[in-house]
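Asker:
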Amino acid sequence: MLRQWRATSADSVLLDGFHALKHALRFEARVPLALAADRRAVLALAEELAPDLTGPLSQMLREVPAETLSGLVPRPHPTGVAALAVRGSGRSGGSLTRTPAGGAPHDVRTAPVVVLDNPRHLGNVGAVIRLAAGAGAAGVLTTGSVDPWHPNVVRASAGLHFATVVEQCEPEALPSGPLFALDPEGEDIRTIALPDDALVAFGSERHGLSAALRDRADHLLALPMQPQVSSYNLATSVAMTLYHWMAGRPPAGD
Numbered sequence: 004m005l006r007q008w009r010a011t012s013a014d015s016v017l018l019d020g021f022h023a024l025k026h027a028l029r030f031e032a033r034v035p036l037a038l039a040a041d042r043r044a045v046l047a048l049a050e051e052l053a054p055d056l057t058g059p060l061s062q063m064l065r066e067v068p069a070e071t072l073s074g075l076v077p078r079p080h081p082t083g084v085a086a087l088a089v090r091g092s093g094r095s096g097g098s099l100t101r102t103p104a105g106g107a108p109h110d111v112r113t114a115p116v117v118v119l120d121n122p123r124h125l126g127n128v129g130a131v132i133r134l135a136a137g138a139g140a141a142g143v144l145t146t147g148s149v150d151p152w153h154p155n156v157v158r159a160s161a162g163l164h165f166a167t168v169v170e171q172c173e174p175e176a177l178p179s180g181p182l183f184a185l186d187p188e189g190e191d192i193r194t195i196a197l198p199d200d201a202l203v204a205f206g207s208e209r210h211g212l213s214a215a216l217r218d219r220a221d222h223l224l225a226l227p228m229q230p231q232v233s234s235y236n237l238a239t240s241v242a243m244t245l246y247h248w249m250a251g252r253p254p255a256g257d
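For the sequence shown, my numbering gives the first residue as 4, with consecutive numbering after it.
(1) For Y235, which residues of its own chain have a beta-carbon under 8 Å away from its beta-carbon, when the five flanking residues on both sides are left out?
(2) Tell me where the alpha helix (DSSP H) around L245 begins and ends.
(3) Rounded to the nearest angstrom, what separates L197 and N127 at their Cα positions?
(4) So for T11, helix, strand or coil by DSSP?
(5) Mind listing, in chain order, the continuous alpha helix (DSSP H) runs of no fewer than 4 residues lying wholly within the stretch 185–214?
(6) Alpha carbon to alpha carbon, how far is S73 from S12?
(7) Please classify E170 as buried or exposed, where buried requires at least 16 neighbouring CB atoms within 10 angstroms.
(8) Go through its chain and collect everything with a Cβ distance to L48's Cβ below 8 Å, but skip five positions before and after it.
(9) Assuming L182 and A138 are in contact, meaning their beta carbons sit under 8 Å apart, how far apart are those beta carbons, in whole angstroms?
(10) When the Cα atoms are used, what is the spatial distance from A104 to S98?
(11) I'd like to know if the stretch 150–169 and the stretch 29–43 are in contact, where contact means that at least 3 CB-CB pairs between them fall below 8 Å.
(12) How big is the Cα-Cα spacing for V156 and E173?
(13) DSSP three-state label for V76, please.
(14) Please name the residue, chosen from A135, H26, L125 and P77, that lies closest to V116 on a Cα-to-Cα basis.
(15) Report buried or exposed for R6, applying the criterion of at least 16 other Cβ atoms within 10 angstroms of its Cβ.
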């Protein structure tokens with residue numbers, strides 16, 4: 004099992020726990036290996052929380068001793084599930100920064116792209132990806148050295164990397180579209196309607212926006228905040244901004 008895990012992990016990311024595996028499967032990720040310390044308990048959990056996946060899970064889950072699972076992952080999840088999914092498969096398999104062969108230079112997007120400018124906290128990046136998936140954003144792009152597919156980021160996103168596009172890029176490689184950057188000196192976001200094809204950029208948790216991205220912005224926006232409060236958490240800022248965009252659109256089905 005150890006040899007198979009190592010061979011498969013070279014091109015895959017760790018799905019740590021039942022919920023990460025659930026989301027990956029729902030968004031059509033390729034999962035070549037899925038392990039459980041207690042297969043029967045995991046299938047019972049699936050029957051309760053994700054009955055649509057009970058069949059696929061019953062076919063793919065392989066039971067291994069808890070000691071074996073502990074030897075494969077740094078910290079086994081309480082649900083006793085660990086799986087490997089092919090990076091970039093599922094709905095995350097598209098690209099926001101590369102034009103498909105024969106495609107137009109810019110296909111009009113129907114939802115904003117979240118841009119994280121040199122983020123440092125892996126948990127925050129994962130939380131933002133989870134938010135983007137829930138809000139229906141077109142994807143999440145990160146600049147800087149942090150890999151947005153790092154195992155700790157995937158853990159924090161609960162496997163929702165596979166529900167949206169997640170890529171790493173440099174500022175000059177950002178896709179086309181109006182760039183709205185969050186900055187304390189910007190206009191109150193409540194006075195601006197975010198277009199569907201917007202790029203919405205957020206600075207790092209400590210240093211804010213880089214000069215390069217701030218200078219490139221078409222608009223600077225500020226979130227409402229009471230005096231003497233210094234800042235919001237990165238994921239909170241993204242949530243507020245995406246909700247502002249969502250609030251300006253009719254509910255699905257209307």
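Even glycine gets a Cβ: it sits at the ideal position worked out from N, Cα and C. These numbers were taken from a predicted model, which means no experiment stands behind them.
Answerer: Looking at the atomic coordinates:
(1) Translated into the one-based positions of the sequence shown, residue 235 becomes position 232. These residues qualify, in order along the chain: L226, M228 and M243.
(2) The residue given as residue 245 occupies position 242 in the sequence shown. Segment L237 to A250, the alpha helix (DSSP H) holding L245.
(3) For this step, residue 197 is matched to residue 194 along the sequence shown. For this step, residue 127 is matched to residue 124 along the sequence shown. Computed Cα separation, rounded: 23 Å.
(4) Reading the sequence shown from its first residue, position 8 is the one you call residue 11. In the structure shown, T11 sits in a helix (DSSP, three-state: H, G or I).
(5) none
(6) Here residue 73 refers to the residue found at position 70 when the sequence shown is read from its first residue. Here residue 12 refers to the residue found at position 9 when the sequence shown is read from its first residue. In a straight line, the C-alpha of S73 is about 16 Å away from that of S12.
(7) Translated into the one-based positions of the sequence shown, residue 170 becomes position 167. When all chains shown are included, E170 counts as buried.
(8) Taking the sequence shown and counting its residues from 1, the one referred to as residue 48 is at position 45. Once the five neighbours on either side are set aside, the close Cβ partners of L48 are F21 and T82.
(9) Walking along the sequence shown from the start, residue 182 turns up at place 179. Walking along the sequence shown from the start, residue 138 turns up at place 135. Contact doesn't hold; Cβ gap of about 19 Å is too wide.
(10) Residue mapping note: residue 104 aligns to position 101 of the sequence shown, counting from 1. Residue mapping note: residue 98 aligns to position 95 of the sequence shown, counting from 1. Its pLDDT being 46, under 50, A104 is placed unreliably by the model, and nothing is read from it.
(11) yes
(12) Taking the first residue of the sequence shown as position 1, residue 156 is located at position 153. Taking the first residue of the sequence shown as position 1, residue 173 is located at position 170. Cα to Cα, V156 sits roughly 19 Å from E173.
(13) Translated into positions along the sequence shown, residue 76 becomes position 73. Coil at V76, not helix or strand.
(14) Looking up residue 116 in the sequence shown gives position 113. Closest option to V116, Cα to Cα, is A135.
(15) Here residue 6 corresponds to residue number 3 of the sequence shown, with the count starting at 1. Answer is exposed; the Cβ neighbour count stays below 16.
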